[in-house]
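Below: one structure, written as structure tokens.
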Amino acid sequence: MHNQSMGSVRVPSDEEIGAAFDQGREAVMILYHNTLEQLANRIQTLEDQLAKNSRNSGKPPSSDGLNKPAPKSLRKRHGKKSGGQAGHLGSTLKAVEHPDLVQVFPVLQCRHCQVSLKRVQASRYEKRQVFDVPRMHLEVTEHQAEIKVCPHCGAENRAEFPAEVTQPVQYGHELKAQIVYFNQYQMLPLERTAEVLESLYGHSLSEGTIVEVAREASGRVAGVNAAMQQQLTEKEEVVHFDETGARAEGQLYWLHSASTEKLTCYAIHPKRGSLAMDAIGILPNLKGRAMHDDWMSYFKYPIRHALCNAQRPAPFQGHLRRLKFLEERYPQKWVSPMADLLVTIKEEVDKAKATSRTSLTRKKLVDFEREYDRLVKQGLRINGPPKRLAGQPIQRGRIKQNPAKNLLDEFKLHKEFVLAFMYDFKVPFDNNQAERDIRMMKVKQKISGCFRSIRGAEIFCQIRGYISTARKNGQQVLDVLRLAFDGTPYLPPFVSLLG
């Protein structure tokens, strides 16, 4: 029998078994126990992988298959019935006071005695209103610039066309705004965008035209995006960061987001870590606090950090989701109390905010910190440093730890960042803002699969960042796209244009 390997487990060779046998019973027992422990660890790792689902890890719901777990939320029952609550003002289609068109249907004769009523004035009207749109078609405006010859000197004089009219034949700003709306905001593929526009207006556009219009829109909002990036870097108190894989030109790229409740910036880069973050330029110069998941590249920057605590799907998911996984796979006494503690602190912070307070009392802070430290110490006593097995070959890097030890190390090392939401009420409990802002990028990939070119991905980032920011500030998408093509793109009032 030759030396074999089962995954990460090395099976002893005949020579090693024989050598242990020659050394005696103790050597055989050591070899046996080491191999058995490696197999047990390997089985544990595989079982952990099988046990992971969208509820207790970063796996997407689509991977759950037929064994999809029943949804379970951390939210407590509020005792209210579903649907609109008492006092809620519903909304429905309502008649307008001044309709665009009025059609009157006359009464010509009495239905009882058949006397003509043509000359009788109506005593009142019963009204019904129909909301609809007229059939649409492209309106073509021909611009004619006069050319006159001066009778005095014979010079030819030509009138100026409007600044936006630069070609003998071209599309106008309204149609361009709709092209970008369908293709970049509603994320219709090029072919379907052309199909929709032809169905609406009876006019066929080429895919190349759609691409060129999107490129023009990207250029028109570039200055606004640069201003928003500067605002995020220098003036925002808390900025949310996230990244997700994206394919462009058949290669793996990383789409990065930086955002707040009112601003969104996107960028795409071949790398995920600090090389990309340096190139984007926000994190290296950030004046505020960075809210993110515990991806190690973020900690390379000497800035204030905050870590996500909520249950959210991500490669490095929030602490409550990781604690949920430990409850199921590594049940230990400290796990559930730690999850309860984080939720309790959040509830106390929410209560304080509701009463316009800006911090917890000193006593509550001390009590929460003491309980947090106690649970971490309790967990570390159970999960000591991993040891290399006797006879196990030395490999580069750290010895692999179990998930409980990894999370405890994070809780101990980054206590200030885990509890940032408790110390500073400006810091949220979770990084869900970043998750919401990155979600549309995943939708784009589900629709299109990938970006045809890296330039197309960059255009998408510019336009989506502009649109996302406008929507966060209560603007209509088509309105801000019109403004962009008119040369006056929307900029939030609290952001200053560069230079």
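The numbering of the sequence shown is my numbering, which starts it at -13 and goes up by one.
A virtual CB, placed ideally from N, CA and C, is assigned to each residue, including glycine.
With a threshold of 16 other CB atoms inside 10 Å of the CB of residue i, please say whether the residue is buried or exposed.
| i | result |
| --- | --- |
| Gly73 | exposed |
| Ile385 | exposed |
| Thr21 | buried |
| Phe91 | exposed |
| Val116 | exposed |
| Met408 | buried |
| Met324 | buried |
| Glu222 | buried |
| Met282 | exposed |
| Met122 | exposed |
| Ser245 | buried |
| Asp118 | exposed |
| Ile453 | buried |
| Leu393 | buried |
| Thr455 | buried |
Keeping to the same chain, check which residues put their C-beta closer than 8 Å to that of residue i; ignore five residues upstream and five downstream.
| i | result |
| --- | --- |
| Leu489 | Since the displayed the chain opens at -13 and closes at 485, residue 489 lies outside it and no answer follows. |
| Asp395 | Gln387 |
| Glu247 | Gln419, Lys458 |
| Ala81 | Lys113, Gln115 |
| Arg468 | His159, Glu160, Ala163 |
| Glu490 | Outside the shown range of the chain (-13 to 485) lies residue 490, about which nothing can therefore be said. |
| Thr127 | Gly158 |
| His129 | Phe147, Pro148, Val151 |
Does residue i come out as helix, strand or coil in the three-state DSSP assignment?
| i | result |
| --- | --- |
| His(-12) | With a pLDDT of 45 at His(-12), under the threshold of 50, the predicted position of this residue should be treated as unreliable, and no value is reported. |
| Phe302 | Low confidence applies to Phe302: its pLDDT is 43, below 50, so where it sits in the model is not reliable, and the reading given next is rough at best. Here Phe302 sits in coil by DSSP. |
| Ile268 | coil |
| Ser434 | helix |
| Leu484 | coil |
| Asn143 | strand |
| Leu174 | coil |
| Thr250 | strand |
| Tyr452 | helix |
| Val404 | helix |
| Asp228 | strand |
| Arg441 | helix |
| Gln164 | helix |
| Glu122 | According to the sequence provided, residue 122 is Met. The question's Glu does not apply to it. In this structure, Met122 counts as coil in the three-state DSSP scheme. |
| His189 | coil |
| Ser102 | strand |
| Ala5 | helix |
| Lys373 | coil |
| Tyr358 | helix |
| Gln217 | helix |
| Tyr239 | strand |
| Ile368 | helix |
| Leu399 | helix |
| Leu346 | coil |
Starting from the C-beta of residue i, find all residues in its chain whose C-beta is less than 6 Å away, skip the five residues before and the five after it, and write them out in chain order.
| i | result |
| --- | --- |
| Lys332 | Phe415 |
| Gly451 | Asn211, Thr250, Cys251, Tyr252 |
| His305 | Asn295 |
| Phe354 | Ile331 |
| Arg178 | none |
| Ala292 | Arg275, Met277, Phe403, Ala406, Val413 |
| Ser260 | Ser283, Lys286 |
Whose C-beta lies closer than 7 Å to the C-beta of residue i among residues of the same chain, with five residues either side of it excluded?
| i | result |
| --- | --- |
| Val14 | Ala6, Phe7 |
| Gln364 | Lys319, Trp320 |
| Gln483 | Residue identity differs from the one stated: residue 483 is Leu in this sequence, not Gln. Same-chain partners within the cutoff: Gly209, Ala213, Leu477. |
| Cys96 | Leu103 |
| Ile445 | Ala200, Arg201, Ser204 |
| Ile424 | Asp228, Thr230, Ser243 |
| Leu309 | Val321, Met324, Ala325 |
| Glu142 | Ile133, Val135 |
| Glu357 | Leu327 |
Please look up how many angstroms separate the CB atoms of residue i and residue j, rounded, as I've assumed it's under 8 Å.
| i | j | result |
| --- | --- | --- |
| Val362 | Lys398 | 5 Å |
| Gln431 | Ala232 | 6 Å |
| Asn369 | Lys401 | Rounded, the Cβ-Cβ distance is 17 Å, inconsistent with contact. |
| Ala234 | Phe437 | 4 Å |
| Val225 | Leu272 | 7 Å |
| Glu334 | Lys349 | The Cβ separation is near 11 Å, so there is no contact. |
Any heavy atom of the ligand ZN inside 8 Å of the beta-carbon of residue i?
| i | result |
| --- | --- |
| Leu405 | Among the components modelled here there is no ligand, and therefore nothing to report on the ligand ZN. |
For the region 178 to 192 and the region 142 to 151, state whether three or more C-beta atom pairs, one from each stretch, are separated by less than 8 Å. By the Cβ criterion, the region 178 to 192 is not in contact with the region 142 to 151, since fewer than three pairs of Cβ atoms, one from each stretch, lie closer than 8 Å.
Three or more C-beta pairs below 8 Å linking the region 403 to 421 and the region 160 to 174: The answer is no - the region 160 to 174 does not touch the region 403 to 421, with fewer than three Cβ pairs under 8 Å.
Determine contact between the region 210 to 226 and the region 245 to 259, defined as no fewer than three beta-carbon pairs at a distance below 8 Å. Output reads yes: the region 245 to 259 touches the region 210 to 226.
Indicate whether the contact test is met: 3 or more Cβ pairs, each with one atom in the region 254 to 272 and one in the region 460 to 476, closer than 8 Å. As far as the Cβ criterion goes, the region 254 to 272 does not touch the region 460 to 476, which means the pair count is below three.
Is the region 459 to 466 in contact with the region 195 to 202, if contact means three or more CB pairs nearer than 8 Å? Verdict: no, contact absent.
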